[in-house]
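> Residues in the sequence shown are numbered consecutively from 228, following the numbering used here. Cβ atoms here follow ideal geometry from the backbone N, Cα and C, with glycine treated the same way. There's a structure below that I have some questions on.
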Amino acid sequence: MNLDMTQTIDTVQDNRKAGSERPSANGKVAESEATVVRLGQERLERVPAWGEASHSVSHVYRPTTTDQLRQLFALARQTQRTIGLRGGGNSYGDAAMNDENILLDMSRMNRILAWNPENGRIKAEPGVTLSQLWQYVLQDGWWPPIVTGTMKPTLGGCAAMNVHGKNAYQMGTIGDHILEFEIMLPSGEILTCSRDQNSDLFYAAIGGFGLLGCFTAFTLQLKRIYSGYLLVETCAQPDLAGMFTYFEEHVDKSDYIVGWIDAFAKGKRLGRGDVHKASYLPAGADPNPSQSMRLDFQNLSDTMFGFVPRSIIWLMMRPFMNNIGTRLINTAKYYAGHLGGEKKYWQTHAAFHFLLDYVPNWKRSYGKGGLIQYQPFIPKENAPEAFAAILRQCQLRGLPNYLTVFKRHKPDDFLMSHALDGYSMAMDFRVTSRNRERLVMLARELDEIVLKANGRFYFAKDSTLRPQVAAAYLGQETIDQFRALRERYDPDHILETNLWRRIFP
Ligand SMILES: Cc1cc2nc3c(=O)[nH]c(=O)nc-3n(C[C@H](O)[C@H](O)[C@H](O)COP(=O)(O)OP(=O)(O)OC[C@H]3O[C@@H](n4cnc5c(N)ncnc54)[C@H](O)[C@@H]3O)c2cc1C
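Dropping the structure here:
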């Protein structure tokens, strides 16, 4: 269990043993101890989960070319270590961690390889971040079709988790906009994959959490825009039913919708919160698009209210990161939205999408134990009852989450998908030494509610999922299909992560 540090240390020892004695998948016993090259200590680094509720220790390498990448796969064979892949390290749990083994940080392979501003097609290396991407194309009138709540993830990490944005109900996941990718298999061979070429790998490696090969390039189709602004409308919703009704009435009429829920509200107010929806401006609506699409116009300012440096805001948030403080903040936030009534304004793309990046290091306000996220996805017909049950269960256990984000989704065609025709609720929980065990027990109770409602989970956010729960929601057939692809493309099981060992032992 990733949250339990004692167990993480046990896993470390087990991994090493398994690494040096494991027979390869093709039946041959791995090279004898005598021929094994040993890795030195100089590249050992302590690598955190994004939420910092757990850490691992790995030999970290940062390749810049495909040749280096190929050599690192060879090194893994010589040293009988596994390789885990890491992009920007923005997955909340252990998806980009690989204890006591090799971790490839792909963030230095970050070149834009080709850009066509006429048709919005871009080819880029996997370490290119969403931030680099939008800043590169905006002034030509384009925007990434999918962006996450932070601009720090890399394309490799986004494709491996098949991320979604606040427009998931309309634009799907990032995989829906990838035209083609190149992937290096652990053998060193590079394959080109698209809907027509190596399509089994195309549909499995997108969302395949880095277990089938290492992406080395992507060709993406971007979205044409006519202004650096979005038209944003906000309103408060008094309860969960209001939230669902608003979403169902507005999904066809807007480009983005996202809800915030006050997880402390009880009884008749259960599920109350705010909704933000936004739409692109049509051509001609913005009188000065060349100005609003300039980078200095979009960039988030360094201060709040003109004088408070954003870099210290997390410190000011810290005293409120407890049940009493967050309850107060949530109540104030809800009533500010409620009393202010419906609002309509223009907001830059960066400010609308990357609100969380406005407060650098906000996660530090959660304290030393860090945070985990739990994000279930539930079919639309079951979501109202299941989300009400989840919110009540958290309150019953005295573990209400401090930030709850509500989104609408649609299904996609990728093998290990989290997407479905329904809703998700992303919930951030503060972790302390006193509540760790209770959080794990709560997650198990919530898993039952999600499974009963035919729901799904999301590896990018996960820290607590167990093998039997993953098997129950993915189905054994899907897992067998994924394992068969692994046997084909990585027969010696070079690619592994902590998450893989935890959920698919
Ligand atoms: C504040 C915050 C907000 C977020 N908001 C959203 C959101 O709105 N929607 C959403 O969907 N997600 C969201 N996320 C989650 C985040 O987008 C995903 O975890 C994403 O995968 C992170 O990308 P990364 O580059 O940091 O990858 P990492 O976290 O480093 O790695 C993610 C996975 O990608 C694999 N990987 C990395 N590089 C490669 C490669 N070159 N080839 C193959 N596999 C690779 C890793 O092995 C790992 O399994 C959010 C995260 C944070 C911290």
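1. Assuming the contact rule is C-beta atoms closer than 8 Å, G316 and W277 should be a hit. Round their C-beta distance to whole Å, please.
2. Please give the ranges of any alpha helix (DSSP H) in the segment 513-541, keeping only runs that are unbroken, at least 4 residues long and fully inside the region.
3. State the Cα-Cα distance for the pair G498 and F633, rounded to the nearest angstrom.
4. Taking 7 Å as the cut-off, is the beta-carbon of Y317 closer than that to any non-hydrogen atom of ligand 1?
5. Quick check: the segment 669-678 against the segment 688-703, are at least 3 beta-carbon pairs closer than 8 Å?
6. Since V284 sits in a beta bridge, which residues does DSSP pair it with?
7. Kindly examine ligand 1 and report whether one of its heavy atoms sits closer than 7 Å to the Cβ of G353.
8. Helix, strand or coil for F408 per DSSP?
9. Using alpha carbons as the reference points, say which of R313, D427, P587, N389 lies closest to G434.
10. Just tell me which of G368, D321, F547, M336 has its CA closest to the CA of W342.
11. Mind reading off the beta-carbon distance from Q392 to V374? Whole number of angstroms is fine, and I expect it under 8 Å.
12. Have a look at L365 and P516 and give me their C-alpha separation to the nearest angstrom.
13. Select from D529, I417, N662, P372 the residue whose C-alpha is nearest the C-alpha of D717.
14. Within this structure, are the beta carbons of K688 and Q602 separated by less than 8 Å?
15. Spell out the partners DSSP gives A505 in its beta bridges.
16. Output yes or no for whether 8 Å exceeds the beta carbon distance between L726 and G320.
17. Can you confirm whether P275, when its beta carbon is compared against all beta carbons of chain C, has any partner nearer than 8 Å?
18. Can you tell me whether H391 sits near ligand 1, meaning its C-beta is under 7 Å from at least one heavy atom of the ligand?
19. Pull up the CB-CB distance for M336 and E352, whole angstroms please, since I reckon it's below 8 Å.
20. With a threshold of 7 Å (Cβ to nearest heavy atom), would R308 be considered close to ligand 1?
21. Nearest to R422 by alpha carbon, out of G415, A395, A431?
22. For L692, which residues does DSSP report across the bridge?
23. So the alpha helix (DSSP H) V677 belongs to, where does it begin and stop?
24. I want to check one thing, is the minimum distance from the CB of R661 to the heavy atoms of ligand 1 below 7 Å?
25. Can the beta-carbon of E569 be found less than 8 Å from the beta-carbon of E460?
26. Any contact of the segment 324-332 with the segment 280-293, i.e. 3+ C-beta pairs under 8 Å?
27. Within the continuous alpha helix (DSSP H) that includes S358, where are the two ends?
28. Please classify D237 as buried or exposed, where buried requires at least 16 neighbouring CB atoms within 10 angstroms.
29. Please tell me whether, using a cut-off of 7 Å, the distance from the CB of A687 to the nearest non-hydrogen atom of ligand 1 is below it.
30. Under the DSSP definition of a beta bridge, which residues are partnered with N328?
31. At a threshold of 7 Å, does W277 count as lining ligand 1 (C-beta to nearest heavy atom)?
32. Count the other CB atoms, across all protein chains shown, that sit within 10 Å of the CB of F534; report buried if there are 16 or more and exposed otherwise.
33. Name, in chain order, the residues that DSSP records as bridge partners for T419.
34. Rounding to the nearest angstrom, what Cα-Cα distance links A610 and M324 in this structure?
35. When every heavy atom of ligand 1 is checked, does at least one fall within less than 7 Å of the C-beta of T377?
36. Let me confirm a value: R451 is counted as buried when at least 16 other C-beta atoms fall within 10 Å, else exposed. Which label applies?
From the atom records:
1. Along the sequence shown, one-based indexing puts residue 316 at 89. Along the sequence shown, one-based indexing puts residue 277 at 50. Going by Cβ atoms, the distance from G316 to W277 rounds to 6 Å, so yes, they are a contact pair.
2. 516-519, 522-525
3. Along the sequence shown, one-based indexing puts residue 498 at 271. Along the sequence shown, one-based indexing puts residue 633 at 406. The straight-line gap from Cα to Cα measures roughly 10 Å.
4. Translated into positions along the sequence shown, residue 317 becomes position 90. Going by the sequence as given, residue 317 is Asn instead of Tyr. Yes, the Cβ of N317 comes within 7 Å of a heavy atom of ligand 1.
5. yes
6. Indexing the sequence shown from 1 puts residue 284 at position 57. Paired residue(s): R273.
7. For this step, residue 353 is matched to residue 126 along the sequence shown. According to the sequence as given, residue 353 is Pro; it is not Gly. Correct: P353 has its Cβ closer than 7 Å to ligand 1.
8. As a position in the sequence shown, residue 408 is number 181, starting the count at 1. Strand at F408.
9. One-based indexing of the sequence shown puts residue 434 at position 207. Nearest option by C-alpha distance: N389.
10. For the purposes of this step, residue 342 is taken as residue 115 along the sequence shown, with counting starting at 1. Answer by Cα proximity: G368.
11. Position 165 of the sequence shown, counted from the first residue, corresponds to residue 392. Position 147 of the sequence shown, counted from the first residue, corresponds to residue 374. It is worth fixing the name first, because residue 392 is Gly in this sequence and not Gln. Rounded, the Cβ-Cβ distance is 5 Å, consistent with contact.
12. By 1-based counting over the sequence shown, the position of residue 365 is 138. By 1-based counting over the sequence shown, the position of residue 516 is 289. For L365 and P516, the distance between alpha carbons rounds to 11 Å.
13. Along the sequence shown, one-based indexing puts residue 717 at 490. Among D529, I417, N662, P372, the Cα nearest to that of D717 belongs to I417.
14. Your numbering for residue 688 matches position 461 in the sequence shown. Your numbering for residue 602 matches position 375 in the sequence shown. Their beta carbons are under 8 Å apart, which means K688 touches Q602 by this criterion.
15. Residue 505 sits at position 278 when you count from the first residue of the sequence shown. In the DSSP output, where bridge partners are listed per residue, A505 has V459, Y483.
16. Taking the sequence shown and counting its residues from 1, one reaches residue 726 at position 499. Taking the sequence shown and counting its residues from 1, one reaches residue 320 at position 93. Contact flag set, yes.
17. Although the question refers to chain C, the structure presented lacks it and comprises just one protein chain.
18. Here residue 391 corresponds to residue number 164 of the sequence shown, with the count starting at 1. Under cutoff, so the answer is yes.
19. As a first step, residue 336 is located in the sequence shown; it is residue number 109 there, counting from the start. As a first step, residue 352 is located in the sequence shown; it is residue number 125 there, counting from the start. Yes, they are in contact, since the Cβ atoms of M336 and E352 sit about 4 Å apart, within 8 Å.
20. Taking the sequence shown and counting its residues from 1, the one referred to as residue 308 is at position 81. Every heavy atom of ligand 1 is 7 Å or more from the Cβ of R308, so no.
21. Here residue 422 refers to the residue found at position 195 of the sequence shown. Residue A431 is the option with its Cα nearest to R422.
22. As a working mapping, residue 692 is identified with position 465 in the sequence shown. DSSP, once it has assigned bridges, lists no residue as partnering L692.
23. The sequence position of residue 677 within the sequence shown is 450, counting from 1. Element bounds for V677: 663-679.
24. Translated into positions along the sequence shown, residue 661 becomes position 434. Answer for R661: no, Cβ out of range of ligand 1.
25. Position 342 of the sequence shown, counting from 1, holds the residue named residue 569. Position 233 of the sequence shown, counting from 1, holds the residue named residue 460. Contact: yes.
26. yes
27. For the purposes of this step, residue 358 is taken as residue 131 along the sequence shown, with counting starting at 1. That run of the alpha helix (DSSP H) goes 357-364.
28. Translated into positions along the sequence shown, residue 237 becomes position 10. The predicted position of D237 is uncertain, since its pLDDT is 31 and thus under 50; no value can be drawn from it.
29. In the sequence shown, counting from the first residue as 1, residue 687 sits at position 460. It does: the Cβ of A687 is within 7 Å (strictly closer) of some heavy atom of ligand 1.
30. Taking the sequence shown and counting its residues from 1, the one referred to as residue 328 is at position 101. Answer is none; N328 lacks a bridge partner.
31. The residue you call residue 277 lines up with position 50 of the sequence shown. Checking the Cβ of W277 against ligand 1 gives yes.
32. Numbered from 1 along the sequence shown, position 307 holds the residue referred to as residue 534. Exposed, since its Cβ has fewer than 16 Cβ neighbours within 10 Å.
33. Counting from 1 along the sequence shown, the entry for residue 419 is found at position 192. Its beta-bridge partners are E409.
34. Here residue 610 refers to the residue found at position 383 when the sequence shown is read from its first residue. Here residue 324 refers to the residue found at position 97 when the sequence shown is read from its first residue. Approximately 32 Å, taken between the alpha carbons.
35. By 1-based counting over the sequence shown, the position of residue 377 is 150. Correct: T377 has its Cβ closer than 7 Å to ligand 1.
36. For the purposes of this step, residue 451 is taken as the residue at position 224 of the sequence shown. Exposed, because fewer than 16 other Cβ atoms sit within 10 Å of the Cβ of R451.
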